[in-house]
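**Q**
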Amino acid sequence: ASVYEEILNYNKDGEEYWVSLAINPVKDESGVIVKYISIQADITYTKIKSLDFHQKMLALGRSNAIIELDKNGLILEANENYLEILGYQREEIVGQYYSILSRKEHVFAKLLNAIDQEGLQSGVFTRYDNRGKVHLMKLMDYPVLNINGQLEKIIEFGTDVTNEKRLEREAELKQAELNSYLVGINNTIASAEFTLDSRVKGANDIFLKVMGFKASEVEGKSFADFIDEDSAMTMMWENLKLGKFFSGEFKLKDKAGKKLWLTGTFNPIIIQGAVPEKIMMFAQFTTQEKEKQNDMNKMVQALKCTLPVLELDNKYMCKTANEKFLKLFGLSRMELRSKSLLDFIDNYYHATWKKKSKEIIEQDFINMKLPISLKDRVVTYEVSVSIARNLEEEIARIIILFVKEIEEDVSVLVAL
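Note that the working numbering numbers the sequence shown so that position 314 is 317, with each residue one more than the last.
Quick look at the structure:
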């Protein structure tokens, strides 16, 4: 019988080389072997190329799912990665048509057409595992041709990108949601973008309209140019450059020099690493609210300078009072803290007051006549009682203004 072997040899310098050895027997007329003919060929280059290809295929097989198809769409082989991803045993798919994985009858015809047109097929495709669960796989299909240039088989390389695509979709949805928020913010509050050294990069229409500038007029300006103070707020910007969030109330000046109030947040934008790339300001102009607050504060201050004022907690215990009240009753602030409103109402009217206090809480405000017990006499005062509530609608404090003393004999504890 003939013998064919590929043999690894070494030359006199110890270098490796490969030879193919073919030994064929030569027989006489009676069929007896009379000699052997040996043919050798140096196949070192071919062997190196073959081993190189084999090693590359092994490396690809470790990181890729690989499947081989014949030219009719029958599965010839599948590696462990492919089987593991789709949950098949080798014998379950070898010999089956490719459509078992795609659940589509004509998918192999489309694959052949893509290879015919482009030389290969690549993309992300839907494949089904043995339980019917969908997997998104990034696939590349390469044609293997015979020596005549005809299609012999197709090798498909792939990776499961199901989780990657899910994360991409979630990121797209989050980005769309974020864009919606930003559009909403941009339409309702003022915003401006600054460099790390406080220079304006851009501002939205609300900021520009209130401040009276055009976009081209604010770009490049420092935030200090808008501040109605001598301080350029150096410390704030140094903290912002370190990535620290900042919020506060600022007094600005518009293009005409008019004073404006703004309440806002300055947000370091960190895209990668630890150093901010820019600063975003989101703010609301509160000039009108500030003016109303100032007017109210002045009014309250005027009342406090004119009338005795007492503040109570929700149990009618004294919290604080102005100087006029303390002087009227001859009390210090320390002495006041231990007293309740009943300490100032004549004892005869305590029960009546407790009934009346429920009505006050329901109405939040009432004008009434109240009998006050001074050191040597009982005096009837016309008072205004107001309930101040917090954001949870709970009573934060009760404010009593002693409007005036009533000299004539009147019925007390009666709403005006």
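The beta-carbon is built from N, C-alpha and C at its ideal position, and this holds for glycine as well.
How many angstroms separate the CA atom of Trp-240 from the CA atom of Asp-200?
**A** Taking the straight line from one Cα to the other gives about 7 Å.
**Q** From the DSSP output, read off the bridge partner residues of Cys-321.
**A** Leu-315
**Q** Between which two residues does the beta strand (DSSP E) holding Val-29 run?
**A** 19-30
**Q** Pull up the CB-CB distance for Val-203 and Ala-195, whole angstroms please, since I reckon it's below 8 Å.
**A** Correct: roughly 6 Å between the Cβ atoms.
**Q** Spell out the partners DSSP gives Asp-73 in its beta bridges.
**A** DSSP lists Lys-156 as partners of Asp-73.
**Q** For Asp-228, name the three-state secondary structure that DSSP assigns.
**A** helix
**Q** So, is the C-beta of Asn-350 closer than 9 Å to a C-beta in chain C?
**A** The structure shown contains no chain C, having only a single protein chain.
**Q** Do Ser-389 and Ile-409 have their C-beta atoms closer together than 9 Å?
**A** no
**Q** Would you give the residue range spanned by the alpha helix (DSSP H) that Leu-377 belongs to?
**A** Run containing Leu-377: none; DSSP gives neither H nor E here.
**Q** Exposed or buried, Ile-209, counting other C-beta atoms within 10 Å across all chains shown (16 or more means buried)?
**A** buried
**Q** Quick check on the DSSP output: what are the complete alpha helix (DSSP H) runs of length 4 or more inside the region 85-134, in order along the chain?
**A** You should have 93-96, 102-105, 110-121.
**Q** Going by DSSP in three states, Ile-407 sits in which element: helix, strand or coil?
**A** The sequence as given places Lys at residue 407; Ile does not occur at that position. It is a strand residue.
**Q** Could you say if the region 168-187 and the region 223-231 meet the contact criterion of at least three C-beta pairs nearer than 8 Å?
**A** Contact fails: fewer than three Cβ-Cβ distances are below 8 Å.
**Q** Going by DSSP in three states, Met-238 sits in which element: helix, strand or coil?
**A** helix
**Q** What does the alpha-carbon distance come out to for the pair Gln-178 and Thr-165?
**A** 20 Å
**Q** Determine the extent of the alpha helix (DSSP H) in which Ala-81 is found, giving its start and end residues.
**A** No alpha helix (DSSP H) holds Ala-81; the beta strand (DSSP E) holding it covers 78-81.
**Q** Go ahead and pull the three-state DSSP assignment for Ala-277.
**A** coil
**Q** Does DSSP put Gly-151 in a helix, in a strand, or in coil?
**A** One detail in the question is off: residue 151 reads as Asn in this sequence, not Gly. It is coil, neither helix nor strand.
**Q** Taking Thr-198 as the reference, give the member of Val-278, Gly-98, Gly-260, Asp-132 with the closest Cα.
**A** Val-278
**Q** Quick one: give me the first and last residue of the beta strand (DSSP E) that Thr-266 is part of.
**A** 262-272
**Q** Distance, Cα to Cα, Ser-414 vs Ile-348?
**A** Confidence is the limiting factor: at Ser-414 the pLDDT is only 49, short of 50, which leaves the residue's position unreliable, though a coordinate-based value still follows. Approximately 14 Å, taken between the alpha carbons.
**Q** Could you please give the first and the last residue of the uninterrupted alpha helix (DSSP H) stretch that includes Tyr-184?
**A** Element bounds for Tyr-184: 165-191.
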